[in-house]
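Each residue of the sequence shown is one higher than the one before, counting from 1 in our numbering.
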Amino acid sequence: MLRRTIFSGNIIAWYKENKRDLPWRNTQDPFKIWLSEVILQQTRVKQGLPYYETFVQKYPNVAALAQAKEQDVLRTWQGLGYYSRARNLHRCAKIICDEHGGEFPNTYREIIKLPGIGAYTAAAIASFAFGEKVAVVDGNVYRVLSRVFGLHDDIATGKGQKVFAKLAQELIPSSDPAEYNQGIMEFGAMHCTPKSPGCPNCVLAVECHARREGLQDKLPVKSKKLKVKHRFFNYVSVVNDGKLLVKPREEKDIWQGLYDFHLVETQKPTGLDLLSDLDLLVRSLREAGAEVAVSDEYVHILSHQRIHATFYTFYLNNNTTSIPMVNKTSFHPLEEVLNLPKPVLISRYLNDTFF
Ligand code: SF4
1 MLRRTIFSGN
11 IIAWYKENKR
21 DLPWRNTQDP
31 FKIWLSEVIL
41 QQTRVKQGLP
51 YYETFVQKYP
61 NVAALAQAKE
71 QDVLRTWQGL
81 GYYSRARNLH
91 RCAKIICDEH
101 GGEFPNTYRE
111 IIKLPGIGAY
121 TAAAIASFAF
131 GEKVAVVDGN
141 VYRVLSRVFG
151 LHDDIATGKG
161 QKVFAKLAQE
171 LIPSSDPAEY
181 NQGIMEFGAM
191 HCTPKSPGCP
201 NCVLAVECHA
211 RREGLQDKLP
221 VKSKKLKVKH
231 RFFNYVSVVN
241 DGKLLVKPRE
251 EKDIWQGLYD
261 FHLVETQKPT
271 GLDLLSDLDL
281 LVRSLREAGA
291 EVAVSDEYVH
301 ILSHQRIHAT
311 FYTFYLNNNT
321 TSIPMVNKTS
331 FHPLEEVLNL
341 PKPVLISRYL
351 NDTFF
């Protein structure tokens, strides 16, 4: 097998030459490193960078984040998706303040006990901020290790993941674990990319198993395609004298804590007549003579779900003010709604309908 010191040495040398200058690389502040890692999960650097900068500006340290209102944190996070991550960030900041005196725990074993922090993020914080010799294993690392070392273990299985975690831990050098960890992730993100790896001018070209065998497009092995669930959302948006009827999402579902409208979810696409049969509010609005505009379908893509949304916008006039108030809904001026934390889907509808 390729000598470990050659592998890690080449990765570090490549990193020194090619690394991107990113703000979270110029700090050892565990709070900022944590923030960047959480933002960058499932998000490209270009998209995540402005969010990182806004967060650091608004919440420069863990105490500032802990003291913020959850609604403000969600509003700042808006557009990144996966809102449970923002809620966990906030929860975690409170725990660090309440139980650790505001000091970030400084070992992998302690960091991983915090809510919402998994093995990857704990390893990133422990090594980047505190120099602990603990290997990070993310999608980039799987790709590089599987290709260079010819590992065909399935990275979608616990068994396969253990094989990679073990090798990653064996490869990490004691001298500079942080630089090596950053290096292998950057090498995977920039050079040994999924679709077009830069094999002809690669520092590992001679040693690389995938290049020798022409297996770049076969590695890493990942089974189990996640099934995408299609959901049909019928949003009832009521407009009355410049105010909109909105409600917080409190169910254990996507977008918890964000604001949307009264929602009727159906198994398949529906229409206004069927919706009237299903929903008391829609029925009352029609009986009261409210004008209605029906939107085209909006498709919103999440990792495991496709949301097919239709917005039924009802315009009340002065004579049609008596409608049944649905639980938790309340009228807010449009300007106020714009400042509430909302799913991107709702922002798209507001932009299309009112501006
Ligand atoms: S030779 Fe190609 S496949 Fe192998 S590590 Fe380099 S870029 Fe990746």
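Just so it is clear, CB atoms sit at the ideal spot from N, CA and C, and this is done for glycine as well.
Within the continuous alpha helix (DSSP H) that includes Arg4, where are the two ends? Arg4 to Asn18
Can you tell me whether DSSP reads His152 as helix, strand or coil? Residue state, collapsed to three classes: coil.
His230 Cβ short of 7 angstroms to the ligand SF4 heavy atom set: no
Helix, strand or coil for Gln305, going by three-state DSSP, please let me know. strand
Look at the alpha carbon of Gln305 and the alpha carbon of Ile254, and state the distance between them as a whole number of angstroms. 10 angstroms
Between His191 and the ligand SF4, is there a pair consisting of the residue's CB and a ligand heavy atom that are separated by less than 7 angstroms? Relative to the non-hydrogen atoms of the ligand SF4, the Cβ of His191 comes within a distance shorter than 7 angstroms of at least one.
Could you work out which residue in Ile155, Gly257 and Val294 is closest to His87 when comparing CA atoms only? Going by the sequence as given, residue 87 is Arg instead of His. Comparing Cα-Cα distances from Arg87 to each of Ile155, Gly257 and Val294, the minimum goes to Gly257.
Return yes when the C-beta of Cys97 is under 7 angstroms from any heavy atom of the ligand SF4, and no when it is not. no
Report yes if the C-beta distance between Val376 and Ala123 is below 8 angstroms; otherwise report no. This structure gives no information on residue 376, because the portion of the chain shown stretches from 1 to 355.
Using 8 angstroms as the threshold, is the segment 159-175 in touch with the segment 227-235, meaning 3 or more CB pairs across them? no
Just to confirm, does Gly139 get its C-beta within under 7 angstroms of one of the non-hydrogen atoms of the ligand SF4? no
Please confirm whether Leu281 and Phe261 have their CB atoms less than 8 angstroms apart. no
For Leu278, does the count of other Cβ atoms within 10 angstroms reach 16, so buried, or fall short, so exposed? exposed
Write down every uninterrupted run of the alpha helix (DSSP H) in the segment 145-226 whose length is 4 residues or greater and which is fully enclosed by it, in chain order. 158-171, 177-190 and 209-213
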